[in-house]
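Chains as they are written, first to last, in UniProt numbering: chain A, 1 to 207; chain B, 1 to 340.
Just so you know, even glycine gets a beta-carbon here, dropped at the ideal spot from N, CA and C.
Here is the structure we will look at, set down as structure tokens.
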């Protein structure tokens, strides 16, 4: 069992990462991975992909053929296109339903694994000290705050440790993103003064 | 039947003979874009059919009625014999008018029942007629009811150029479901409504009669659907001219008909130019070239259709004799003069 201090920190870090990456992105990524595995939906999803490519190909081909000059070929392409599109929409509709179910399941699992665990730990270990502060480091009322709500006085409670981890992660991530912007930022050309007719400038001054 | 064998192992023949031979056909639709000769074609087809059937009825559902012009004879809402024929009748109906008529002076006091129900009746009515395509379906149902009592062998519909005449066939299940829901609702709440509106209702009428009407409507529409989707009973004749837009619309129409599961296997190409050899008319020759291009395309695309080529005549096809002459070309392919 790794140290509780580290577990709490890791939980906060994963929460932060999930929030920055975005729930939707992660869901989509997992859905793609899920369909790569031999799951019941993978064949339908693959078929939908193939059909989508087929529809695009036919659309491009249709664009290349002049309807006026080569109507028969164009119309045949169009029939194929309409058929492929119909098939795709049918498959896509059924996959969408399964996708929604999958997303719901993933969301539940994610909540249990992160926020749920966090709340559970906070409840379970609320009376345990995370670590002890050297005596006399901070005044008594600060000690009381640090041990809030139920840890013994003079120690740091799990809740406070949790908050500390969250703030640190937020600060560091902000620092990293700011540094990244600073390094990659291109100098913005400065707005050059525009020559203006004298009477206009005069008018400005009067205002 | 020997004909069918020939059809199977060779190219489809360029006539409408197959329609004449298919004795089980009861409904024939003639449709296409405006101005391509739908009315002329349907009149010609009717004339040819009258030679092979006991009785033929030609119905125009086009609001711009052209049957009267084609036959030089006034037709109305009731079937009337065409002059010079003893088994060919014609009638002109307005698909939008007939629904209003139906509501205004419907049989068995539909309107009274509606009025008696006050706001409720109107609401039900609005609900029922807000379903897409229900008005067309209703007018068709009404026509079919009329036609059934008259017992014609075959009925030809000269449809409106909008191409949405058969739109209602797209929504059969939706419509049936909606109507079923409405009738179920009124069945459930009927007693309550009767209690509430009891005082307002005229004697002997209640919400149940309305429900019954809905149920009847639903059944009629379902019947129309099954009849029109049966290839033994119904077919659609596409009329077009050898031009891009007309061809485009025809292709779309054929795909649409396929999606409605309506049988179609004949195309009539009208207004073809066959200029004589060393003809000095530059426009005619240029047009002929263009038409030839699209004719080739039609042949390539619709190899499972009877493609009938009809020439552009130098006179208007009006009146019985001219129509009869024209109609012969639906059966015996027109032989164009030799070209350069």
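For chain B, the residues of the region 81-98 of chain A that bring a beta carbon within less than 8 angstroms of one of its beta carbons are 82, in chain order. Its Cα nearest to that of residue 36(A), the residue 49(A) stands out among 25(A), 49(A), 137(A). Cβ atoms of residue 84(A) and residue 51(A) come within 8 angstroms of each other, at about 6 angstroms.
About 12 angstroms separates the beta carbon of residue 30(B) from that of residue 234(B), a gap too long to meet the 8 angstroms contact definition. According to the DSSP assignment, residue 91(B) belongs to the beta strand (DSSP E) that extends over 88-92. Within the DSSP bridge table, the entry for residue 309(B) names 269(B) as partners. In the DSSP assignment, the residues bridged to residue 238(B) are 31(B), 267(B). Annotation: residue 19(A) to residue 158(A) spans about 22 angstroms, alpha carbon to alpha carbon. Secondary structure at residue 155(A): strand, using DSSP grouped into helix, strand and coil.
For residue 111(A), the three-state secondary structure derived from DSSP is helix.
Three or more beta-carbon pairs drawn from the region 236-255 of chain B and the region 279-299 of chain B are found closer than 8 angstroms, and the two stretches are therefore classed as touching.
Residue state for residue 317(B) is assigned as coil, using DSSP reduced to three classes.
Look at residue 194(A) here: in three-state DSSP terms it is coil, with no helix or strand label. The Cβ atoms of residue 46(B) and residue 56(B) sit closer than 8 angstroms to each other. With respect to the 8 angstroms criterion, residue 267(B) and residue 302(B) are classified as neighbours on the basis of their beta carbons. Only buried fits residue 41(A), as 16 or more other CB atoms lie within 10 angstroms of its CB. With respect to the 8 angstroms criterion, residue 269(B) and residue 218(B) are not classified as neighbours on the basis of their beta carbons.
Relative to the Cα of residue 153(B), the nearest Cα in the group 82(B), 22(B), 216(B) belongs to 22(B). For residue 36(A), no CB of chain B lies under 8 angstroms from its own CB, so it is not counted at the interface with that chain. With contacts defined as CB atoms closer than 8 angstroms, residue 94(A) and residue 45(A) fail to qualify as a contacting pair. Taking 8 angstroms as the upper bound for CB-CB distance, residue 14(A) and residue 114(A) are in contact here, some 6 angstroms apart. DSSP, reduced to helix, strand and coil, places residue 188(A) outside both helices and strands of the structure shown, so it counts as coil. The contact set of residue 76(A) on chain B, defined by CB atoms closer than 8 angstroms, consists of 301 in chain order. Around residue 244(B), the beta-carbon contacts reaching into chain A at under 8 angstroms are 67, 68, 71.
In chain order, 71 make up the part of chain A whose C-beta sits under 7 angstroms from the C-beta of residue 247(B). Taken through DSSP and simplified to helix, strand or coil, residue 21(A) comes out as helix. About 5 angstroms separates the Cβ atoms of residue 331(B) and residue 15(B), confirming a contact at the 8 angstroms cut-off. Not a single C-beta of chain A is nearer than 8 angstroms to the C-beta of residue 291(B). When C-beta distances to chain A are compared with 8 angstroms, the residues of the region 249-267 of chain B below that value are 251, 255, in chain order. For the 8 angstroms CB-CB criterion, residue 80(A) and residue 58(A) form a contact.
Note that the C-beta distance between residue 81(B) and residue 68(B) is not below 8 angstroms.
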